[in-house]
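Residue numbers (the working numbering): 28 to 352.
Positions of the beta carbon are idealized from the N, C-alpha and C atoms, including for glycine.
Encoded as structure tokens, the structure appears first; notes follow it.
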């Protein structure tokens, strides 16, 4: 049997006709259909036997994919169509990747056990590992890559494990030029629109009542970046979101707020800068001068790390291709 990647080949896999096989195949073999369509090969079943036909390279990839997914299903993981598509993309990027960490490396689990947050792409996995290892991590990339959400999940999980005494969530209110006086309402009403995404992510991870209790007790603080000036943040997990909209001076101010026992994650998308024309983004400046500094990680996401609706990845690709991203 030829193994030349362009030659046609056939492989037959036999699985036990048990619950793991049912989870692997999916309802009406929907998971196998995804593999068939994604890799452009033929996938036929007869009982618990699977026959793969197509180009040698694709069949080999499907063979490894099915064996790994079956092992994951044997541990009781309920494989969905989304999980299968994600696994295909991961192995297409690197056929030697071990898939299990993408399904069982839980960053955060809700108290009722119904929600688990895990890294879903190689870029996300590297990002999570960087946050675990380094006290300062930068993440740069397009919308939908999980930069802020994963940082928030890491922060909440660390707080619940009592690794830090508090969480600080901040972002620049650049659309108001950090000058909020002309906006209607009291101070809270003025700044809330700019902090809403951070609140939304927090409420998605813990009950609203618990989140409110944390904020009332100062365990979680959500504030605009301007409020960080002059402070020293000890024993804190700090997340700076939308950092592309900081100036270099603001970024330096923020980075020098870190105190003993603290960890900071800085996220941003350098294609979405709202600063005045000619102003240098603090995120671009910081990642340029801090690249290679010991103890600091810089993670860069691409369109392949987008985990929102599939159309989001196509939108990112279209803007990149237009030269206006």
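Residue from 120, 135, 146, 136 with nearest C-alpha to residue 127:
Numbered from 1 along the chain shown, position 100 holds the residue referred to as residue 127. The shortest Cα separation from residue 127 among 120, 135, 146, 136 belongs to 146.
Rounded to a whole number of angstroms, what is the C-alpha to C-alpha distance between residue 130 and residue 243?
Position 103 of the chain shown, counted from the start, is the residue given in the question as residue 130. Position 216 of the chain shown, counted from the start, is the residue given in the question as residue 243. Residue 130 and residue 243: Cα-Cα distance of roughly 35 angstroms.
Same chain, Cβ closer than 8 angstroms to residue 339, five either side skipped, listed in chain order:
Locating residue 339 in the chain shown gives position 312, counting from the first residue. Here the set comprises 170, 171, 333.
What would DSSP say about residue 281, mapped onto helix, strand or coil?
Position 254 of the chain shown, counted from the first residue, corresponds to residue 281. DSSP places residue 281 in helix when its eight states are reduced to three.
Give the single residue among 167, 258, 144 whose Cα lies nearest to the Cα of residue 195.
Position 168 of the chain shown, counting from 1, holds the residue named residue 195. If we check each option's Cα against that of residue 195, 258 comes out closest.
Skipping 5 residues on each side, what residues in its chain have a beta carbon closer than 6 angstroms to that of residue 51?
Reading the chain shown from its first residue, position 24 is the one you call residue 51. Excluding sequence neighbours, residue 51 sits near 96, 97, 100.
Going by DSSP, name the residue or residues bridged to residue 167.
By 1-based counting over the chain shown, the position of residue 167 is 140. Beta-bridge pairing links residue 167 to 295, 327.
Check this for me: beta carbons of residue 81 and residue 122, under 8 angstroms apart or not?
Stepping through the chain shown from its first residue, residue 81 is reached at position 54. Stepping through the chain shown from its first residue, residue 122 is reached at position 95. Result no, Cβ atoms of residue 81 and residue 122 do not sit closer than 8 angstroms.
Could you check if residue 108 is buried or exposed, using at least 16 other CB atoms within 10 Å of its CB as the buried criterion?
Numbered from 1 along the chain shown, position 81 holds the residue referred to as residue 108. It is exposed - the Cβ of residue 108 has fewer than 16 other Cβ atoms within 10 Å.
If I follow the unbroken alpha helix (DSSP H) through residue 86, where does it start and stop?
In the chain shown, residue 86 corresponds to position 59, counting from 1. 83-101 is the span of the alpha helix (DSSP H), which, as asked, contains residue 86.
Option in 168, 267, 271, 280 with minimal Cα separation from residue 308
Taking the first residue of the chain shown as 1, we reach residue 308 at position 281. Here the closest residue by C-alpha is 271.
Where in the segment 118-193 do unbroken runs of the alpha helix (DSSP H), each at least 4 residues long, occur, reported from the N-terminal end onward?
128-131, 149-160, 174-187
On the three-state DSSP scale, how would you describe residue 113?
Taking the first residue of the chain shown as position 1, residue 113 is located at position 86. DSSP places residue 113 in helix when its eight states are reduced to three.
For residue 191, tell me which candidate among 197, 176, 291, 264 has the shortest Cα-Cα distance.
Here residue 191 refers to the residue found at position 164 when the chain shown is read from its first residue. Of the listed residues, the one whose Cα sits closest to residue 191 is 264.
Collapsed DSSP secondary structure at residue 200 in the structure displayed
As a position in the chain shown, residue 200 is number 173, starting the count at 1. Reduced to three states, the DSSP call for residue 200 is coil.
What residue range is occupied by the uninterrupted alpha helix (DSSP H) comprising residue 315?
Along the chain shown, one-based indexing puts residue 315 at 288. Residues 309-317.
Where DSSP assigns a beta bridge to residue 40, which residues make up the other side?
As a first step, residue 40 must be located in the chain shown, where it is residue number 13. Its beta-bridge partners are 77.
Between the C-alpha atoms of residue 303 and residue 277, what's the straight-line distance to the nearest angstrom?
Within the chain shown, the letter at position 276 stands for residue 303. Within the chain shown, the letter at position 250 stands for residue 277. Between residue 303 and residue 277, the C-alpha separation is close to 15 angstroms.
Kindly indicate the opening and closing residues of the beta strand (DSSP E) around residue 247.
The sequence position of residue 247 within the chain shown is 220, counting from 1. Where residue 247 is concerned, the enclosing beta strand (DSSP E) stretches over 247-251.
Compare the beta carbon distance of residue 134 and residue 155 with 8 angstroms and say whether it is the shorter of the two.
Counting from 1 along the chain shown, the entry for residue 134 is found at position 107. Counting from 1 along the chain shown, the entry for residue 155 is found at position 128. Their beta carbons are under 8 angstroms apart, which means residue 134 touches residue 155 by this criterion.
What is the residue span of the beta strand (DSSP E) that residue 264 lies within?
Stepping through the chain shown from its first residue, residue 264 is reached at position 237. Here the beta strand (DSSP E) through residue 264 covers 263-267.
Kindly indicate which three-state DSSP category residue 229 falls into: helix, strand or coil?
Counting from one through the chain shown, the residue named residue 229 turns up at place 202. Three-state result, residue 229: helix.
If you draw a straight line from the alpha carbon of residue 184 to that of residue 124, how long is it in whole angstroms?
Stepping through the chain shown from its first residue, residue 184 is reached at position 157. Stepping through the chain shown from its first residue, residue 124 is reached at position 97. Residue 184 and residue 124 have their C-alpha atoms roughly 26 angstroms apart.
Top-ranked residue by Cα proximity to residue 162, from 48, 331, 321
Against the chain shown, residue 162 aligns to sequence position 135. The closest CA to that of residue 162, considering only 48, 331, 321, is found on 321.
With DSSP collapsed to three states, give me the class of residue 333.
As a position in the chain shown, residue 333 is number 306, starting the count at 1. In this structure, residue 333 counts as coil in the three-state DSSP scheme.
Alpha helix (DSSP H) segment containing residue 64, residue limits:
Reading the chain shown from its first residue, position 37 is the one you call residue 64. From DSSP, the alpha helix (DSSP H) with residue 64 extends over 57-66.
For residue 41 and residue 76, which I take to be in contact (beta-carbon distance under 8 angstroms), what is that distance rounded to the nearest angstrom?
For this step, residue 41 is matched to residue 14 along the chain shown. For this step, residue 76 is matched to residue 49 along the chain shown. 5 angstroms between Cβ atoms; contact.
Where does residue 188 land, buried or exposed, given buried means 16+ other C-beta within 10 angstroms?
Numbered from its first residue, the chain shown carries residue 188 at position 161. It is exposed - the Cβ of residue 188 has fewer than 16 other Cβ atoms within 10 Å.
Smallest Cα separation from residue 346: which of 106, 299, 34?
Mapped onto the chain shown, residue 346 falls at position 319. If we check each option's Cα against that of residue 346, 299 comes out closest.
Check the DSSP bridge columns for residue 71 and list the partner residues they point to.
For the purposes of this step, residue 71 is identified with residue 44 of the chain shown, where counting begins at 1. Partner(s): 78.
Excluding the 5 residues preceding and the 5 following residue 45 in the sequence, name in chain order all residues of the same chain whose CB lies nearer than 7 angstroms to its CB.
The residue you call residue 45 lines up with position 18 of the chain shown. Taken in chain order, the list of residues that qualify is empty.
Indicate whether residue 267 and residue 197 have their beta-carbon atoms separated by less than 8 angstroms.
Taking the first residue of the chain shown as position 1, residue 267 is located at position 240. Taking the first residue of the chain shown as position 1, residue 197 is located at position 170. Yes; because the gap between Cβ atoms is below 8 angstroms, this pair is in contact.
Among residues of its own chain, excluding the 5 on either side of residue 144, which ones have a beta-carbon nearer than 6 angstroms to its beta-carbon?
Here the question's residue 144 lines up with position 117 in the chain shown. Short of 6 angstroms from the beta carbon of residue 144, and not among the five residues preceding or following it, lie these beta carbons of its own chain, in chain order: 134, 135, 180.
From residue 36 to residue 111, what does the alpha carbon distance come to, in whole angstroms?
Along the chain shown, read from residue 1 onward, the residue named residue 36 stands at position 9. Along the chain shown, read from residue 1 onward, the residue named residue 111 stands at position 84. Cα to Cα, residue 36 sits roughly 23 angstroms from residue 111.
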